[in-house]
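What follows is one structure encoded as structure tokens, with my remarks underneath.
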Amino acid sequence: MNAEKLKHLQESVRIGGKGTARRKKKVIPKNTAADDKKIQLAVKKIGVSVINGIEEVNLFKDNGEVICFNNPKVQACLQSNTFVVTGHAETKQITDLLPSLLSQLRGESLASTLGSLSSFGAGAKDESKKVEIDEDDEVPDLVENFDEPSKTEVA
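Numbered per this note's numbering, the sequence shown spans residues 1261 to 1415.
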């Protein structure tokens, strides 16, 4: 090896001044506690309030995965429509959670969830699991013209 090249390599791995030990790489410690404090300060500036009593949070992704939080800490700011969910998260497939989701959903939300499942190719296999929505829940169309009486009123 060339002496100049060797000296250059020695200079590049030295962290401190002239009498310090050489290392192969500079190790930067990761301080997650400081990151958590920064996040909490940013969340506090938004003005969130803690929501108690939430046992589970499921976030549905477009690719058919679900991010599940069990016993999370949920904070919300209704003015800015911001929710903060912190805790241990697990990523699962939507087909694994389907039995527990069906018992929690009702009506229109169940139909939309099953519709999104069919787009993932993981829809309900049996015809008996399909849910029909009552036609009575829809808002009826307007039949009469309600502007006519207001036009005939004398001021």
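Beta carbons are placed, not taken as given, at the ideal position from N, Cα and C, and that holds for glycine. Computed from a predicted model, the values in this text were never measured in an experiment.
If I measure Cβ to Cβ from Phe1343 and keep anything under 6 Å in the same chain, skipping five residues before and after, which residues do I get? Cβ within range, chain order: Ala1336.
Please name the residue, chosen from Leu1362, Leu1361, Ser1372 and Thr1346, that lies closest to Val1310 on a Cα-to-Cα basis. Distance check between Val1310 and each of Leu1362, Leu1361, Ser1372 and Thr1346 places Thr1346 closest, using alpha-carbon atoms only.
Ile1299 in three-state terms, based on DSSP: Reduced to three states, the DSSP call for Ile1299 is helix.
If I'm right that Gly1328 touches Asn1318 with Cβ under 8 Å, what's the distance once you round it to whole angstroms? The question names Gly, but residue 1328 in the sequence shown is Cys. That pair is a contact at about 6 Å.
Tell me the rounded alpha-carbon separation between Lys1321 and Gln1353. In a straight line, the C-alpha of Lys1321 is about 10 Å away from that of Gln1353.
Starting from Ser1309, follow the alpha helix (DSSP H) in both directions and report where the run begins and ends. It is not in any alpha helix (DSSP H) - Ser1309 instead sits in the beta strand (DSSP E) that spans Ser1309 to Ile1311.
Among Asn1323, Ala1293, Gln1339 and Asn1341, whose alpha-carbon lies nearest the alpha-carbon of Thr1355? Of the candidates Asn1323, Ala1293, Gln1339 and Asn1341, Asn1323 places its Cα closest to the Cα of Thr1355.
Using the Cα positions of Val1326 and Leu1361, report the straight-line distance between them to the nearest angstrom. When rounded, the distance between both Cα atoms is 11 Å.
Rounded straight-line distance, which links the Cα of Gln1339 to that of Ser1372: Looking at the two C-alpha atoms, the distance is approximately 27 Å.
From the DSSP output, in three-state form, read off Leu1402 for me. Note: Leu1402 maps to coil in three-state DSSP.
Whether Val1287 touches Ile1314 by CB criterion (8 Å): No, they are not a contact pair.
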